[in-house]
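Heads up: the sequence lines are chains A and B, in that order.
Heads up: the first sequence begins at 39 in the working numbering, then just goes up one per residue.
Heads up: the second sequence begins at 5 in the working numbering, then just goes up one per residue.
One structure is given below, encoded as structure tokens.
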Amino acid sequence: MDADFLINILLPALWEGLLVTLKLIILSAPFGLLFGTLLAVGRVYGGFFVNLFCRFFVGFIKGCPLILLLFILYFGLPSVGIYLSALLASVIGFICCNSAYNSEYIRGAILSVKEGQMIAASALGMTRIQAIRHVVLPQAMRRAIPGLSNEFIYLIKYSSLAYMITLIELTGAGKLIFSKYFEPDVFIMIGIIYLALVTITTVGANALEKKLAIPGTQGR
Amino acid sequence: MADDDYILRVEDIHKTYGDSEVLKGVSFNVRKGDTIVFIGPSGTGKSTLLRCINQLTVPDKGRVYLHEEEVTNCGSRINHFRQKIGMVFQNFYLFDHLTAVKNVEIALLKVKGMSPEEAREKALFELRQVGMEEWADHYPAELSGGQAQRVSIARALAMEPDVILFDEPTSALDPELTREVLEVMKKLALEGMTMLVVTHEMGFARSVATEIIFMEGGKILEAGTPEDIIKNPGSERTKSFIGQFSGNLGD
């Protein structure tokens, strides 16, 4: 791989791809976190039907290969008259997947919050929703950080599946260059970029965990 | 005496868990400024009784009235009553992720809708009342049990309740920490706070209670002034229970 190929061909193409990958992550992750939280709360505190819906949704997503979900969203839905762009189909698929797995980390964290916290909040006259919002979740989300950062890392990596429904993200951009120039070092370059993204996430999550740690408790 | 002299009326409370009937019809009345101390062997429903008053446990039968308004069967109005009925727990139940002052503040902000400045001022005032102002910025895990319990008393006080329920407030504390918490409670009682206290601290009961209620087997066995119950118990059972604490009656 010569410098000319690297600088003038490969890096610009990968840069374009990386921007798409980042776009996918930035559009998916916040909603994955939001819906993951709602699913977890629904499962722990919801009534019969809310609980059933959340379980069904999480079970369905867990049981469905993500690539299949993307195919359904992009190639399947047009048959019922719904046309999604490759970007939108990818983002919807990623949000579904990310939120379903996030919800399990968050649910576990909610269940680990001591029962007395809810009792004390109720005794002060807080509604259930206030108690969940101001007392249970702030504690649960801290405990869920290690799991959530794991899931965020998965999202970075499975965002490459968008390539399978025609969206040229980082992996796809590299694959196109490879197909044209047969230069296998392309894949090493892509690997280095993913490694960098994952490393940044890991460092960031550790810093966040430390920053939010409650003084006097473990982890500080 | 007319009924409306009572701020809290508890009528015929029953509660059954599975096969065991924990409360078998408990009734009593509370006047403003009363300190009622519940004593009796463990497992006789004293704590359950307190929880039935603010509906943390829903009784199977019976009614609770606060200022002649029914607390039982009140639906979502229960959150209104719970602001008026403070509670202090054996294991403090401070919010682990909040500093002492924020523990006191949070319900003022979220339930009472106070402004942040107002809530902070009120919270610091209540912490001062229990001698914890200097610890305002410490987290629960950094406090001793006695300090944590004093913060939880401040948290209850900040809501300006009509009555505070103390559920074995010193049972998780060693004797020295017990003393610092009892001193705060005694001060409150002398200031006229209406209190219902489940405790094994006979010294506190003797010196502070306006009425002692002796419970056993889910029922009130005997009730009266400390003089009546401790010095001249009416029943042999009360006498033998009190007798176990004979070395421990000072305050």
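Think of the CB as a built atom: it goes at the ideal place given N, C-alpha and C, for glycine as much as any other residue.
Note that the region 105 to 121 of chain A does not touch the region 45 to 60 of chain A; fewer than 3 beta-carbon pairs, one per stretch, sit closer than 8 Å. Taking a Cβ-Cβ threshold of 8 Å, none of the residues of chain B is close to A:S137; the smallest such distance is about 24 Å. In this structure, A:I228 sits near A:G212, with a CB-CB distance shorter than 7 Å.
Shown in chain order are the members of the region 41 to 58 of chain B whose Cβ falls below 7 Å from a Cβ of chain A: N58. With its beta carbon at least 7 Å from every one in chain A, B:N33 lies outside the interface. Counted as a single uninterrupted DSSP element, the beta strand (DSSP E) harbouring B:D171 occupies residues 167 to 171.
Taking 9 Å as the cut-off between beta carbons, the residues of the region 139 to 156 of chain B near chain A are H142, Y143, P144, A145, E146, L147, S156, in sequence order. B:N83 belongs to the set of residues whose beta carbon lies under 7 Å from a beta carbon in chain A.
For B:V14, the enclosing beta strand (DSSP E) has its first and last residue at 10 to 21.
Within 10 angstroms of the beta-carbon of B:E130 lie 16 or more other beta-carbons, which makes it buried. Comparing alpha carbon positions, the residue from B:V68, B:L177, B:K223 closest to B:F93 is B:L177.
Under the three-state reduction of DSSP, B:M136 is assigned to coil, being neither helix nor strand. With a 10 Å radius around the Cβ and a threshold of 16 neighbouring Cβ atoms, B:E172 comes out buried. Residue environment analysis places B:E138 among the exposed positions, since fewer than 16 neighbouring C-beta atoms fall within 10 angstroms of its C-beta. Beta-bridge analysis with DSSP links B:L200 to B:I40, B:L169. Looking from the CA of A:N46, the closest CA among A:G242, A:I215, A:F225 belongs to A:I215. Against chain A, a Cβ distance below 8 Å from B:K126 picks out nothing, because the smallest value is about 14 Å. If one requires a minimum length of 4 residues, the alpha helix (DSSP H) runs lying completely within the region 60 to 141 of chain A are 86 to 101, 104 to 109, in chain order.
By the criterion of a C-beta distance shorter than 8 Å, A:N89 is surrounded in its chain by G80, R81, once the five residues flanking it on both sides are discounted. Sequence-distant partners of B:V185 (beyond 5 residues in either direction) whose C-beta falls short of 8 Å from its own C-beta, in its chain, are G150, Q153, R154, I157, P173, T174, L177. With a 10 Å radius around the Cβ and a threshold of 16 neighbouring Cβ atoms, B:Y21 comes out exposed. Of all residues in the region 158 to 174 of chain A, those with a C-beta nearer than 8 Å to a C-beta of chain B are A158, A159, S160, A161, L162, G163, M164, T165, Q168, H172, V173, reading in chain order. As computed with DSSP, B:R124 is found in no beta bridge at all.
In the three-state scheme derived from DSSP, where H, G and I count as helix and E and B as strand, A:M227 is classed as helix.
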